[in-house]
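Shown next, in structure tokens, is the structure this report addresses.
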Amino acid sequence: MIQTIRGFRDILPQDTALWQYIEKTASEILENFGFQEIRIPIMEKTELFARSIGESTDIVEKEMYTFADRKGDSITLRPEATASVVRSYVQHKMHSQDPVQKLYTIGPMFRRERPQKGRYRQFYQINAEVFGISAPHIDAQLILILNELLKRLGLSGLKAHINSLGCPECRPHFQTTLTAFLEDKKDHLCEICIKRMERNPLRTLDCKVPSCREALEDAPSTLDHLCTGCLDHFNTVKRLLDVQNVEYAVDKTLVRGLDYYSRTAFEILTDALGAQSAVAGGGRYDALVSELHGPEIPAIGFAVGFDRLAEIVAQAGPKDAPPTLSPEVFILPLGEDALEHGYLWACELAAAGIRTEMDFSGRSLKSLMKRADRLNASHVLIIGQREMEENSLVLRNMKTREQHPISMDNPVGRIVSIVQKKLNQ
Ligand code: HAM
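2 is the number of the first residue of the sequence shown in this note's numbering; add one for each residue after it.
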């Protein structure tokens with residue numbers, strides 16, 4: 002038997018109703034807030050991710066699916082969507098129409114991480130990116146949107162963690178202070194943090210190794226080194242969240258695993274999946290558009306981990322259960338003639354918008370009724386020899402046990418009106 006690759010999985014039909022429900026809820030909210038959908042390729046030139054996510058990040062160093070195509074060009078399965086959305090914004094000069102663009106995209110990403118519950122090598126994200134707005138209001142609004150999404154999906158108790166990572170003006174100064182602090186604590190740091198010290202000192206702040214956590218307990222925080230612009234920006238974000246009653250915690254250890262961030266960074270954390278993990282993460286990346294050869298345009302966005310979200314929603318039980326896709330009409334033909342009639346009506350009913358199923362096995366009425374029950378059909382139409390001769394088919398409502406006589410002239414129209422009337426009640 003050929004099985005899926007490690008870390009890759011099927012989303013089976015029993016789960017897709019929930020996935021579609023989450024996707025629909027997210028698109029609705031995002032569209033209400035002015036976002037439009039964009040669809041981007043699954044593969045890009047490796048250089049795009051290396052340059053935007055950062056050469057010394059775990060993603061670029063260890064986790065990308067990168068290979069040479071037949072011509073020898075290095076291509077990569079996207080580990081995230083932000084870089085591609087920025088590439089698209091710049092490539093299609095979207096800024097020349099209007100620098101303000103709000104774009105969302107939903108789809109699979111690929112990272113070669115160690116698989117575990119809530120962590121896969123192919124996983125899905127709901128991404129939202131906003132270009133052209135530097136006002137802190139949009140930072141607060143994105144956190145509010147995440148909050149709204151979680152609320153609508155029936156999740157409570159998930160709080161945003163927020164931090165400010167500073168900007169090119171104040172960050173270098175902070176990094177010098179941090180590096181001096183790390184030098185002092187060098188003997189207590191893990192090997193990875195020793196390497197990070199030189200290449201990416203900020204990343205030491207969220208190291209999970211207990212000895213590092215202890216050594217870094219009173220490490221300097223970006224928040225104490227923000228320039229006036231960054232401080233004002235962060236204070237306004239917090240004030241707006243307070244005004245709108247969005248719960249959050251300021252978390253000075255939150256640094257994010259991608260290098261493009263500046264100013265506001267945020268994550269929504271949960272321990273519902275075993276070890277603490279993020280259901281969503283995002284932040285400002287004001288320099289990325291120009292780094293990818295676009296104009297100087299600020300930007301900010303987030304990504305929700307779809308797989309994790311679906312797992313938590315399933316655990317919590319969604320507020321409005323997603324509709325199940327059981328048949329509205331299940332046709333049970335008994336005999337050759339009935340099979341052909343049933344087949345033609347089944348096609349017409351489905352084309353008329355009624356979810357229809359029929360059985361082709363030619364088995365006994367008893368076993369067909371059992372199947373109708375198993376499929377949770379709301380109505381069955383029994384077509385037997387006698388019923389056809391007497392021109393009196395019966396549409397039976399499986400819940401109320403109501404029986405509707407159906408004439409053989411125009412049975413489809415009659416069934417459609419009975420089923421639709423029921424649905425509208
Ligand atoms: P990220 O924090 O790397 O950010 O990923 C966002 C979310 O994707 C995570 O919070 C997590 O829920 C989910 N995720 C990440 N890796 C996995 C995995 N291996 N298995 C399952 N879920 C996973 C970004 O990707 C940024 N592009 C977000 C962003 C958008 N920032 C600005 N705009």
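Ideal placement from N, C-alpha and C gives every residue a C-beta, glycine not left out. Everything numeric in this text was worked out from a predicted model, so none of it was measured.
In the DSSP annotation of this structure, the continuous segment of the alpha helix (DSSP H) that includes Ser97 starts and ends at 95 to 98. Contact between the stretch 140 to 154 and the stretch 301 to 311 is present: three or more C-beta pairs spanning the two stretches fall below 8 Å. When secondary structure is reduced to three states using DSSP, His294 falls in the coil class, being assigned neither helix nor strand. Gln102 carries a strand assignment under DSSP once its states are collapsed to helix, strand and coil. Beta-bridge annotation (DSSP): Glu358 is paired with Phe331.
Leaving aside the five residues that flank Tyr66 on each side, the residues in its chain whose CB is nearer than 7 Å to its CB run, in chain order, Thr77, Leu78, Phe111, Arg113.
For Met44, the uninterrupted beta strand (DSSP E) run begins and ends at 44 to 46, by DSSP.
Residues of the same chain with a CB within less than 8 Å of the CB of Lys253, apart from the 5 flanking positions on each side, are Asn164, Leu206, Ser222, Thr223, Leu224 in chain order. Residue nearest to His380 within the set Glu391, Glu390, Met359, Arg364 is Met359 (criterion: CA-CA distance). Proximity to Ala353 across Lys160, Pro412, Glu29 peaks at Pro412, based on C-alpha coordinates.
Taking Lys186 as the centre and dropping the five residues before and after it, the same chain places the C-beta of Ala216 closer than 6 Å to its C-beta, in chain order. Taking every protein chain shown into account, the CB of Asn128 has 16 or more other CB atoms within 10 angstroms, so this residue is buried.
Per DSSP, Ser393 lies in no beta strand (DSSP E) segment and is marked neither H nor E.
For Gln126, the shortest C-beta to heavy atom distance toward ligand 1 is below 7 Å. In the DSSP assignment, Glu130 is bridged to Leu104, Gly302.
Rounded to whole angstroms, the gap between the alpha carbons of Thr58 and Arg204 is 9 Å. One thing to note: Val87 has its Cβ within 8 Å of the Cβ of Leu289. Leu326 counts as exposed, since fewer than 16 other beta carbons sit within 10 angstroms of its beta carbon.
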